[in-house]
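Here the structure is laid out as structure tokens; the discussion comes afterwards.
Protein chains: 2
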Amino acid sequence: MRLSELSERSGVSVYSIKFYLREGLLPPGERKSARLSEYGEHHLRRLRLIRAMLTVGGLTLTQARDVLAVSEDPAFGRPERIGAAQYMLPPHTRRPDDDEVARHEWDRTRSQLAEMLHGLDWRFDDSNPSLDALTEAVLTLRSLGYGDAEQLRGYAELVRRLAAAEYGGTIHPHTDLDKAMEGVIVYTLLAEPVLLALRRLAHEDTARRLHDGE
Amino acid sequence: MRLSELSERSGVSVYSIKFYLREGLLPPGERKSARLSEYGEHHLRRLRLIRAMLTVGGLTLTQARDVLAVSEDPAFGRPERIGAAQYMLPPHTRRPDDDEVARHEWDRTRSQLAEMLHGLDWRFDDSNPSLDALTEAVLTLRSLGYGDAEQLRGYAELVRRLAAAEYGGTIHPHTDLDKAMEGVIVYTLLAEPVLLALRRLAHEDTARRLHDGE
Numbered sequence: 001m002r003l004s005e006l007s008e009r010s011g012v013s014v015y016s017i018k019f020y021l022r023e024g025l026l027p028p029g030e031r032k033s034a035r036l037s038e039y040g041e042h043h044l045r046r047l048r049l050i051r052a053m054l055t056v057g058g059l060t061l062t063q064a065r066d067v068l069a070v071s072e073d074p075a076f077g078r079p080e081r082i083g084a085a086q087y088m089l090p091p092h093t094r095r096p097d098d099d100e101v102a103r104h105e106w107d108r109t110r111s112q113l114a115e116m117l118h119g120l121d122w123r124f125d126d127s128n129p130s131l132d133a134l135t136e137a138v139l140t141l142r143s144l145g146y147g148d149a150e151q152l153r154g155y156a157e158l159v160r161r162l163a164a165a166e167y168g169g170t171i172h173p174h175t176d177l178d179k180a181m182e183g184v185i186v187y188t189l190l191a192e193p194v195l196l197a198l199r200r201l202a203h204e205d206t207a208r209r210l211h212d213g214e
Numbered sequence: 001m002r003l004s005e006l007s008e009r010s011g012v013s014v015y016s017i018k019f020y021l022r023e024g025l026l027p028p029g030e031r032k033s034a035r036l037s038e039y040g041e042h043h044l045r046r047l048r049l050i051r052a053m054l055t056v057g058g059l060t061l062t063q064a065r066d067v068l069a070v071s072e073d074p075a076f077g078r079p080e081r082i083g084a085a086q087y088m089l090p091p092h093t094r095r096p097d098d099d100e101v102a103r104h105e106w107d108r109t110r111s112q113l114a115e116m117l118h119g120l121d122w123r124f125d126d127s128n129p130s131l132d133a134l135t136e137a138v139l140t141l142r143s144l145g146y147g148d149a150e151q152l153r154g155y156a157e158l159v160r161r162l163a164a165a166e167y168g169g170t171i172h173p174h175t176d177l178d179k180a181m182e183g184v185i186v187y188t189l190l191a192e193p194v195l196l197a198l199r200r201l202a203h204e205d206t207a208r209r210l211h212d213g214e
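In structure tokens:
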């Protein structure tokens, strides 16, 4: 297809497409003549991915380019390529760097959590930034007397089942990589509020059932 | 126990306790003499609940008072008393009020979602503000081509199991109401980041397993 059709089908303006081509985010089309290039379906998918990264994902142009570079680097396997997109997504949590006691507590909790999850045969790299987010959240929960290890373990098993069910379709090995990465970004971020809202509705359901003696 | 001991055991200053007494958030102690009142364990639990509402929950003093009023109103059953605390918690989503088309789409989606969940025998009042949050989140997801009804239904069933498991202990009918409400506030809000972080780690686990052909 021509540039104009690519623009129409993707909903991305010709101006933006030219910009992405110039910045190297979108690979060039097949050159037919001095003024005409031909674009394919993979350009469409890549455009959708770029838009997902920049709008839903809130990545900067440089971050988006870094993610795409990893996604095309043969040194990485498919999980790492998909992970590169996910690792970039907000929110990011920082280890406390001012207070030595807090830092020590942070490191100890982070290691314990990683150990607990790997003990349950969870496969992830310890550089996953969600391990930092988990550390911070668990420290807050514990400061109020909630979130002991036993409770957390049961919780983790349930969340794993949820994640496997929701993610399986999105990143199936037969899915085109650009499409899978778009799914990861859109789904990871936008399904979060769906999950939280459903959870609170389900809490009311649980409360009513317990009250009704079920 | 005396006021000083109540302060020590609750970690709330004498000044704040006197303020809560004056504002009617904390019921008075048993008067022993002109200058001495005796406080019990239920004062301790109520103080923890007040702190949870004001700090973790981010409620204003007026909101906290309203929640406590409902919690003591014999016209309401236990689920409604607990629900009053939950309904007040952020975030709150507003129905679009400027654009008639958007408003219509909102109402239609909200009704469909309520119908779907009630069809799965979920018990909740349609005034639950999380139904608004769900409506907004689903509309966003759908605008990008994700979140069809079938997928949502399967998702809802999984979240319900998660919610039942995590909530069962917190609000068991035998739990003291003030303690249950504290649990609802702390747990609803503070477990959210735990859930989201675990979910992302589980996504990496899923990706690696699919890649390994499991």
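Taken in sequence, the protein lines are chains A and B.
Read left to right, the first sequence gives residues 1 to 214 (our numbering).
Read left to right, the second sequence gives residues 1 to 214 (our numbering).
For glycine and all other residues, C-beta sits at the position ideal for the given N, C-alpha and C.
Fair warning: this is a prediction, and the values are worked out from it, not measured in the lab.
For residue i, which option in the options has the closest C-alpha, if you only look at C-alpha atoms?
i	options	result
Arg108(B)	Leu89(B), His92(B), Pro79(B), Val138(B)	Val138(B)
Leu89(A)	Pro79(A), Leu117(A), Asn128(A)	Asn128(A)
Arg209(A)	Asp176(B), Leu158(B), Phe124(B)	Phe124(B)
Leu36(B)	Arg51(B), Ile82(B), Leu6(B)	Leu6(B)
Glu182(B)	Arg94(B), Ala64(B), His104(B), Pro96(B)	Ala64(B)
Tyr167(B)	Arg199(B), Ala75(B), Tyr20(B), Ile82(B)	Ile82(B)
Ala191(B)	Lys18(A), Arg199(A), Val194(A)	Arg199(A)
Arg95(B)	Asp121(B), Ile171(B), Ser143(B), Leu131(B)	Leu131(B)
Glu204(A)	His174(B), His211(B), Ala164(B)	Ala164(B)
Ala54(A)	Leu117(A), Leu196(A), Gly40(A), Ser16(A)	Reading the sequence as shown, one finds Leu at residue 54(A) and not Ala. When only C-alpha atoms are compared, the closest one is Ser16(A).
Glu214(A)	Leu177(B), Leu189(B), His172(B), His42(B)	His172(B)
Leu26(A)	Ile50(A), Leu177(A), Asp148(A), Pro91(A)	Ile50(A)
Leu177(A)	Arg45(A), Leu21(A), Tyr20(A)	Arg45(A)
Leu21(A)	Asp126(A), His43(A), His211(A)	His43(A)
His174(B)	Asp148(A), Ala156(A), His211(A), Leu189(A)	His211(A)
Ala156(A)	Ala197(B), Glu8(B), Gly147(B)	Ala197(B)
Gly269(B)	Asp126(A), Trp122(A), Gly147(A), Thr188(A)	Because chain B in this structure spans residues 1 to 214, residue 269(B) falls outside the shown range and cannot be described.
Tyr87(A)	Glu41(A), Asp97(A), Asp126(A)	Asp126(A)
Is residue j closer than 8 Å to residue i when the C-beta atoms are compared?
i	j	result
Val70(B)	Val186(B)	no
Ser10(B)	Leu47(B)	yes
Glu136(A)	Thr206(A)	no
Leu113(B)	Leu134(B)	yes
Ala202(A)	Val67(B)	no
Tyr39(B)	Gly24(B)	no
Val194(A)	Leu141(B)	yes
Ala75(A)	Val184(A)	no
Is residue i buried or exposed, if buried means 16 or more other CB atoms sit within 10 Å of its CB?
i	result
Arg2(B)	exposed
Glu72(A)	exposed
Ala34(B)	exposed
Thr60(A)	exposed
Pro79(B)	buried
Gly58(A)	exposed
Gly119(B)	exposed
Arg161(A)	exposed
Glu180(A)	A small correction: the amino acid at residue 180(A) is Ala; Glu does not occupy that position in the sequence shown. With 16 or more other Cβ atoms within 10 Å, it is buried.
Arg153(B)	exposed
Thr62(B)	exposed
Asp99(B)	exposed
Gly77(B)	exposed
Arg103(B)	exposed
Arg110(B)	buried
Ala223(B)	No answer is possible for residue 223(B): the residues shown for chain B start at 1 and end at 214.
Can you pull the chain A residues whose beta carbon is under 7 Å from the beta carbon of residue i, in chain order?
i	result
Glu192(B)	Leu196
Arg160(B)	Ala202, Asp205
Ser246(B)	For residue 246(B) there is no data in the structure shown, the boundaries of chain B being 1 and 214.
Gly77(B)	His211
Mind pulling the chain B residues with CB within less than 8 Å of residue i?
i	result
Trp106(A)	Chain B residues near Trp106(A): none, gap ~14 Å exceeds 8 Å.
Leu144(A)	Ala52, Val56, Val186, Leu190
Distance cutoff 8 Å, beta carbons only. Does residue i sit that close to anything in chain D?
i	result
Asp148(A)	The structure shown contains no chain D; the protein chains it does contain are A and B.
Closer than 7 Å by beta-carbon distance: list the chain B residues that pair up with residue i, in chain order.
i	result
Val138(A)	Val194
Gln63(A)	Those within 7 Å of Gln63(A) in chain B number zero; the least Cβ separation is about 17 Å.
Give the residues of chain A in contact with residue i, contact being defined as C-beta atoms less than 9 Å apart.
i	result
Pro173(B)	Leu210, His211, Gly213
Gln86(B)	Arg200, His203, Glu204, Ala207
Name the chain A residues whose beta carbon is nearer than 8 Å to that of residue i?
i	result
Gly83(B)	Glu204, Ala207
Pro74(B)	Simply none; closest approach about 15 Å.
Gly154(B)	Ala165
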